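Okay, structure first, notes after.
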Amino acid sequence: MPRGSHMTQRYGGLEGGFAESIRSFAEQAQQALDATFQGIVIEVGTSVITMSPVGNPEIWAANVAHQESNVRAADDYDYRVAIRNTIINLNQDNFTKAGKLRKGVKYAKPLTKTEREQNFAVNGLVAGQGYVGGRFRGNWQFSIDTPATGELDRIDPSGNQAIADLLAQVQALTIGQTAYIVNNLKYAIPLEYGHSTQAPHGMVRVTLEKFQRIVEEQIRKNQV
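Quick note: the sequence shown, position 168, residue 216 per the numbering used here, numbers continuous.
Right under this line is the structure:
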């Protein structure tokens, strides 16, 4: 029997073994690439969602001005109370020889917290009563290859629902595809460029600044 034939019969199986190893490595490499891509998208998406401002009527300009005016009025009331009590203290005729207030003479009482809130509306709103924030945060949408269109009828102050959708949908993402994370609300652009004091530098721009670090971390995490 020729030596070549003998060697082929004896060791031929190893060829398949090498091929399987190469295929296995390629599959692992592909999985690592997909996982890295998915991880990057998750980090980016989570960042823009959690950084998105949630509408809060308490900090709206009209309400701030209204509350500041009411606080001044309440403070002025307490100031007059303090002056009245000081005048009482300065008049010795208001006291007995034992140093107690005579009958019929009473100190004025400063406002309690409840009185400031109920009588002077120091926390009152002139705009946004009944408003619940979270529509913008809940309107981030993830899609593959084609950006999402339209708006979501979702109020999501915590962002948990938007993040949960992202985590579920990103599992179908593979390297070579295009991932989109969009917000189609008409006030998304103004918010990105500083309209809200909660996110003066935007969400996307801040996330882009840390994009390289996100990529490097995901590569290290998923390397074969």
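Even glycine gets a Cβ: it sits at the ideal position worked out from N, Cα and C.
On a predicted model such as this, the values are computed, not experimentally measured, just so you know.
Assigned secondary structure, residue i (DSSP; H/G/I helix, E/B strand, else coil)
{"i": "GLN189", "result": "strand"}
{"i": "LEU159", "result": "coil"}
{"i": "LEU292", "result": "Any question about residue 292 goes unanswered here, given that the chain covers just 49 to 272."}
{"i": "LEU200", "result": "coil"}
{"i": "GLU91", "result": "helix"}
The alpha helix (DSSP H) enclosing residue i, as first and last residue numbers
{"i": "TYR125", "result": "109-138"}
{"i": "PRO248", "result": "Premise fails: PRO248 is in no alpha helix (DSSP H) and is neither H nor E."}
{"i": "PHE168", "result": "From DSSP, PHE168 is part of no alpha helix (DSSP H); its letter is neither H nor E."}
{"i": "ASN142", "result": "Premise fails: ASN142 is in no alpha helix (DSSP H) and is neither H nor E."}
{"i": "ASN270", "result": "259-270"}
{"i": "ALA236", "result": "236-240"}
Buried versus exposed, by CB contacts within 10 Å (16 or more), residue i
{"i": "ILE90", "result": "buried"}
{"i": "GLY182", "result": "buried"}
{"i": "ASP213", "result": "buried"}
{"i": "VAL112", "result": "exposed"}
{"i": "GLN266", "result": "buried"}
{"i": "GLN86", "result": "buried"}
{"i": "GLU116", "result": "exposed"}
{"i": "PHE168", "result": "buried"}
{"i": "GLU240", "result": "buried"}
{"i": "ASP204", "result": "buried"}
{"i": "ALA210", "result": "buried"}
{"i": "SER244", "result": "buried"}
Among the options, the one whose alpha carbon lies nearest that of residue i
{"i": "ASN232", "options": "ASP204, ALA216 and LEU200", "result": "LEU200"}
{"i": "TRP188", "options": "ALA77, GLN78 and THR98", "result": "THR98"}
{"i": "GLN177", "options": "GLY103, PRO205 and ALA220", "result": "GLY103"}
{"i": "VAL92", "options": "GLY198, ASN270 and ARG261", "result": "ARG261"}
{"i": "LEU159", "options": "THR197, ALA175, VAL119 and ASN137", "result": "VAL119"}
{"i": "PRO238", "options": "ASP82, SER100, GLN115 and THR84", "result": "SER100"}
{"i": "ASP126", "options": "GLU68, VAL153 and LYS161", "result": "LYS161"}
{"i": "ALA83", "options": "LEU221, ILE229, VAL252 and THR245", "result": "LEU221"}
{"i": "ASN270", "options": "LYS151, GLY224, GLN78 and GLN225", "result": "GLN78"}
{"i": "ARG128", "options": "ALA109, GLY242 and LYS157", "result": "LYS157"}
{"i": "GLU264", "options": "SER72, ALA67 and ILE88", "result": "ILE88"}
{"i": "ALA227", "options": "HIS243, ILE192 and ALA236", "result": "ILE192"}
{"i": "ILE136", "options": "PRO105, ALA67 and GLY152", "result": "GLY152"}
{"i": "GLY198", "options": "ASP204, ALA236, ILE211 and ASN208", "result": "ALA236"}
{"i": "GLU106", "options": "GLY242, ALA80, VAL180 and SER206", "result": "VAL180"}
Endpoints, beta strand (DSSP E) assigned at residue i
{"i": "VAL230", "result": "227-231"}
Beta-carbon proximity check, residue i vs residue j, cutoff 7 Å
{"i": "ASN139", "j": "TYR155", "result": "no"}
{"i": "SER95", "j": "THR255", "result": "yes"}
{"i": "GLU163", "j": "ASN171", "result": "no"}
{"i": "PHE190", "j": "GLN217", "result": "yes"}
{"i": "ARG202", "j": "GLY186", "result": "yes"}
{"i": "VAL174", "j": "ALA247", "result": "no"}
{"i": "ALA196", "j": "VAL230", "result": "yes"}
Min CB distance residue i to chain C below 7 Å
{"i": "ILE237", "result": "No chain C is present in this structure, which holds just one protein chain."}
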